[in-house]
Amino acid sequence: MQEINRTWKKIKRSRRLKENFYQKAKILTALREFFAKENFLEIDTPNLVSAPDPNPFNEIFKIEEKNLFLAPSPEFFIKKLLAAGLKNVYQITKSYRDWQENDPTHLNEFTILEWYRTGADYTELMRDCENLVNFIWERLSLVQSATPRLRSGQECKVQSYNLKLKTSLIYQDKQINLAPPWTRISCKEAFKRYANVNLDEFIDINNARKVCREKGYQVSLENSWEELYHQIFLNEVEPKLPKEQPLILYDYPAPLAALSKIKESNSRYAERFEFYIGGLELGNGYSELTDSNEQEKRLRQDLEIRKIKKMQVFDYDHDFVDALKEGPGRAGMGKTAGIAVGIDRLVMLFTDSSDIHEVTPMSV
Amino acid sequence: MFRDTPHIVVEKTFVSPGKGSAFYRTKLKNIKSGSVLEFTFKSGEKLEEASVEVQELQYLYQEGDLLSFMNPGTYEQFSLPKDMAGGLLPLMKEGEGYQVYVFDQKAIAIRPPLKVFLKVTHSEAGAKGNTVTGATKEVELETGHKVLVPLFIKEGDTVSVNVDSGQYVERIQT
Chain A
1 MQEINRTWKK IKRSRRLKEN FYQKAKILTA LREFFAKENF LEIDTPNLVS APDPNPFNEI
61 FKIEEKNLFL APSPEFFIKK LLAAGLKNVY QITKSYRDWQ ENDPTHLNEF TILEWYRTGA
121 DYTELMRDCE NLVNFIWERL SLVQSATPRL RSGQECKVQS YNLKLKTSLI YQDKQINLAP
181 PWTRISCKEA FKRYANVNLD EFIDINNARK VCREKGYQVS LENSWEELYH QIFLNEVEPK
241 LPKEQPLILY DYPAPLAALS KIKESNSRYA ERFEFYIGGL ELGNGYSELT DSNEQEKRLR
301 QDLEIRKIKK MQVFDYDHDF VDALKEGPGR AGMGKTAGIA VGIDRLVMLF TDSSDIHEVT
361 PMSV
Chain B
1 MFRDTPHIVV EKTFVSPGKG SAFYRTKLKN IKSGSVLEFT FKSGEKLEEA SVEVQELQYL
61 YQEGDLLSFM NPGTYEQFSL PKDMAGGLLP LMKEGEGYQV YVFDQKAIAI RPPLKVFLKV
121 THSEAGAKGN TVTGATKEVE LETGHKVLVP LFIKEGDTVS VNVDSGQYVE RIQT
């Protein structure tokens, strides 16, 4: 606690840490401007919840005496509001995940942006991501370079000049061209290209074990399919993903579907994507799973994994499953695509910070 | 031991990419060659611990490209290519003790201290200093290494130097 109490002094001494607060505020203003332009509704959902997302991706903070949890994401409540009939919504909020380890890109308490486009699929979200990031960067570039030169009659000229100049930014000494379209690569293509693995076959756990053994990795029968997948992904694929442009990695294997819809054309893959800029994993989007039976099945599976991993176990959100079943139309929630973006990481990108604590210096 | 060669873990970060699966992204330094590679381990993977021991050895002298060391207890002598000392080399003092990794009876690397303490042997009297960088001047240390220090440092003072950066840290009161 001693260290935490002294952070204001660190901020007092550091111009850079202070400047990051201003950049973050500009980014949030630009975000809201973007969604207003797109006719999206800003909503607010609770952070104290009785049945959080049980995804065993992370542990959850519990307030024992009240039997309540700090929500790891606003997703379930936003979907309930979509089921209630709201359309095209977004939320910027704090979320809480207990990582149990310290590292430069995760915080236990972080700022998350989620938006849900009604009637859309994940390809439309990919374009939203391109437009949003470029919109923010335009706004930041204008504020930075045009302000000191604002003189009568000069304004328009200066602004259009800067717009043309500034589609690339420098992050950690590397130049990144933000201009759309970004590189899109499917998980299947990425595994083939960088690890010489056929993901269609790898999806079978016996084949996955064989491939990993042949590659010289340690494989035991206790290793889950996901562990084998990630061992190859983290060692052979992710380090080689191109970084000179933002990258969209899409069509995740079905076991990693999370809350996304399985592809109708190929049930081995799900309509899920993540986007990376400068090696930072910034967002995770889906064509949303709207089938309430499948959703209920996945919630139960997640809780099973939690038991095996000796993580906290709780009852899942039945109200959420009901919402998917019933509304707003006869067919349930209806076609929707939604995505979560880590705002602190986005601020890292735009402030050229290598550690998330540089943009949230007071965080635990 | 990683791929049959002793490595030191120089960096470790935790990654949790999926449903409860945990990984450690590491940077491993090959003790013999000094090269660094990245590898991501599944949590729970087992590795054989390399039978590398650390001995406190006395640095004797440099001859050509080799550094000579001696174990002051057993008088056993060791030599090490000077490249393996890296940034520590210009800060090494004859007669001083250093921690050295020994594997198969051979010295393979030095475990560098965070900082070293060295005496200032030469300082221009009345140097005005470079005020652009905040009033500093260059002095020579007893090993011949030159560093930028604040103006108040005098000949005969002992200063500490960061081994990683080779830069001045503070004056040591003796």
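So the sequences go chain by chain: A and B. Per the numbering used here, the first sequence starts with residue 1, numbered consecutively. Per the numbering used here, the second sequence starts with residue 1, numbered consecutively. C-beta atoms are modelled at their ideal positions from N, C-alpha and C, and glycine is treated no differently. Every value quoted in this text rests on a predicted model; they were computed, and no experiment measured them.
Within a 10 Å sphere around the beta-carbon of residue 42 of chain B sit 16 or more other beta-carbons, which makes this residue buried.
For the stretch 7-93 of chain B, there is no continuous alpha helix (DSSP H) assignment of 4+ residues that stays within its boundaries. In chain A, no part has a C-beta under 7 Å from the C-beta of residue 5 of chain B; the shortest such distance is about 14 Å. One Cα belongs to residue 264 of chain A, the other to residue 284 of chain A, and the distance between them is close to 20 Å. In the assembly as shown, residue 55 of chain A is a buried residue. Its beta-carbon has 16 or more other beta-carbons within 10 Å.
Cβ-Cβ separation between residue 313 of chain A and residue 296 of chain A: approximately 16 Å, too far for a contact (criterion under 8 Å).
The C-beta of residue 124 of chain A has fewer than 16 other C-beta atoms within 10 Å across all chains shown, which makes the residue exposed. With respect to the 9 Å criterion, residue 17 of chain B and residue 103 of chain B are not classified as neighbours on the basis of their beta carbons. The three-state secondary structure of residue 184 of chain A, taken from DSSP, is strand. Boundaries of the alpha helix (DSSP H) harbouring residue 8 of chain A: 7-13, taken from the DSSP string. The straight-line gap separating the alpha-carbon atoms of residue 94 of chain A and residue 108 of chain A is approximately 10 Å. Around residue 355 of chain A, no beta-carbon contact reaches into chain B at under 7 Å, the shortest distance being about 11 Å. If you draw a 10 Å sphere on the C-beta of residue 117 of chain A, you find 16 or more other C-beta atoms in it, and that means buried. Note on residue 8 of chain A: under 16 other CB atoms within 10 angstroms of its CB, so exposed under the neighbour-count rule. Taking 8 Å as the upper bound for CB-CB distance, residue 233 of chain A and residue 250 of chain A are not in contact here, some 14 Å apart.
Residue 35 of chain A counts as buried, since no fewer than 16 other beta carbons sit within 10 angstroms of its beta carbon.
Relative to residue 140 of chain B, the option among B:154, B:123, B:153, B:152 whose CA is nearest is B:123. In the DSSP annotation of this structure, residue 302 of chain A is not part of any beta strand (DSSP E); the continuous alpha helix (DSSP H) holding it starts and ends at 292-308. Contact of residue 48 of chain B with chain A by beta-carbon distance below 7 Å is absent, the smallest such distance being about 12 Å. Counting other Cβ atoms within 10 Å of its Cβ, residue 345 of chain A reaches 16 or more and is therefore classed as buried. One thing to note: residue 257 of chain A has its Cβ within 9 Å of the Cβ of residue 298 of chain A.
Less than 9 Å separates the beta-carbon of residue 142 of chain B from that of residue 119 of chain B. In its chain, beyond the 5 residues on either side, no residue has a beta carbon closer than 8 Å to the beta carbon of residue 301 of chain A. At the C-beta level, residue 79 of chain B and residue 91 of chain B stay beyond 9 Å of one another. By the C-beta density criterion, residue 12 of chain B is exposed, having fewer than 16 other C-beta atoms within 10 angstroms. The beta carbon of residue 214 of chain A does not come within 9 Å of any beta carbon belonging to chain B, so the residue lies off that interface. Neighbours of residue 230 of chain A in chain B, taken as residues at a C-beta separation under 9 Å, are given in chain order as 15, 17, 18, 21, 23, 40, 42.
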